[in-house]
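Residue 10 is where the sequence shown starts when you use the working numbering, and the numbers rise one by one after that. Even glycine gets a Cβ: it sits at the ideal position worked out from N, Cα and C. Everything on this sheet refers to the single structure shown next.
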Amino acid sequence: KGIKICLGANEPLIGHSGVYFTPYAERINGINEVTQADPSLAPQGKHLVMSHQAVLSDNLEEEIKLGLSDLKWLFPEKKYEVLMVQSYSGGWPVNRASSGSDTGNMTPVDDLYIVGDGAKGKGGIEVEGVALGVMNVMRELGISS
């Protein structure tokens, strides 16, 4: 289970393309400002920020409120707009495939390989999962360093 809250802002909230880990927050586990890596993900001059949190109770509305409260605490002097709140539970995974349960990189078609969060092997999620999939294919092709 998990929640993602997407924010729009006129100024950077984090200021880098890495993950901002939040060990002292009530619910938010990490935040990334995706427009630092790809400005085309928002209108010119705007920033898209995504927070990620685990869901620790069955009360989804309360979990969302806790996440929104964390964001106010983390960015007290910043102005932003909540664009979207997404929740994942039951059969809808937060990530495409849990570690070790994905499709793998090989296909029955010659010279066609799969990389991504759903084709990474063990370890990693999201961006790290994509990188692991690429490394697996490079190793398979004999071109890894």
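Test item: CB-CB of residue i and residue j under 8 Å
i: V146; j: Y122; result: yes
i: V58; j: L22; result: yes
i: S26; j: A46; result: yes
i: G142; j: V124; result: yes
As assigned by DSSP and simplified to three states, the class of residue i
i: L75; result: helix
i: S49; result: helix
i: V64; result: coil
i: L83; result: helix
i: S118; result: The question names Ser, but residue 118 in the sequence shown is Val. In this structure, V118 counts as coil in the three-state DSSP scheme.
i: N38; result: strand
i: L22; result: coil
i: V58; result: strand
Residue environment, residue i, which counts as buried when at least 16 other CB atoms sit within 10 Å
i: I40; result: buried
i: S60; result: buried
i: T44; result: buried
i: L80; result: buried
i: D119; result: exposed
Among the options, nearest to residue i - alpha-carbon criterion
i: T31; options: P85, S49, N114 and Q62; result: Q62
i: P48; options: N19, T112 and D111; result: N19
i: E42; options: G125, E71, G24 and T112; result: G24
i: G113; options: D120, D119, A128 and F84; result: A128
i: D126; options: V28, T116, P117 and D111; result: D111
i: K88; options: H56, M115, E70 and D67; result: H56
i: D67; options: K10, L83 and Q53; result: K10
i: F84; options: Y29, G54 and L69; result: Y29
i: T116; options: W82, E149 and K131; result: E149
beta-carbon residue i near the ligand SAM non-hydrogen atom, thresh 7 Å
i: V64; result: As for the ligand SAM, it is missing from this structure, which has no ligand bound.
Three Cβ pairs or more, each shorter than 8 Å: is that satisfied between the region 29-40 and the region 71-87?
yes
How do the region 11-27 and the region 82-98 stand: do at least 3 beta-carbon pairs fall below 8 Å, yes or no?
yes
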